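First residue of the sequence shown? That's 203 in the numbering used here, and the numbers climb one at a time after it. All C-beta atoms in this analysis are idealised placements derived from N, C-alpha and C, irrespective of residue type, glycine included. Computed from a predicted model, the values in this text were never measured in an experiment.
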Amino acid sequence: MSNSGAMSAHWKGTDAERIALLACLERNCECADGQGQTCSAHKILIAPNAQKMLDALLFYRRFREYLERKEDIANRIPLESTAPSSRRGKR
Ligand SMILES: [Zn+2]
203 MSNSGAMSAH WKGTDAERIA LLACLERNCE CADGQGQTCS AHKILIAPNA
253 QKMLDALLFY RRFREYLERK EDIANRIPLE STAPSSRRGK R
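The structure is reproduced here in structure tokens:
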């Protein structure tokens, strides 16, 4: 890779997160369609704002995992203990 003054993006996540990103790119890559053009998935990596986009991808990936953990914890709580006591007013 040349160092021509162009900014390059760096993945700030873990190795596992990098592998997941590469797998996602591979699943969505359309570069091999014979057109010789870079697909949208790979354009993310070479866009002028690539660092911002990679950082955002990492942020939202981790945020999703956080929400899934919270949801998993919430799903372990029996419904009876979280349901509002509106049953009394049921007609
Ligand atoms: Zn591609």
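Item                                                                                                                              : Value
When you compare only the Cα positions, how much space is there between N251 and I279?                                            : 43 angstroms
Straight-line CA distance for G215 to A258?                                                                                       : 11 angstroms
When we look at the beta-carbon of L269 and count the other beta-carbons within 10 Å, is it buried (16 or more) or exposed?       : exposed
Any residue with its Cβ nearer than 7 angstroms to a heavy atom of ligand 1 should be included. What is that list in chain order? : L227, C231, E232, C233, T240, C241, A243, H244
Are the CB atoms of H244 and C233 nearer to each other than 7 angstroms?                                                          : yes
What do you reckon, are the CB atoms on M255 and I246 nearer than 7 angstroms?                                                    : yes
Short check: CB of A222 to CB of Q253, under 7 angstroms?                                                                         : no
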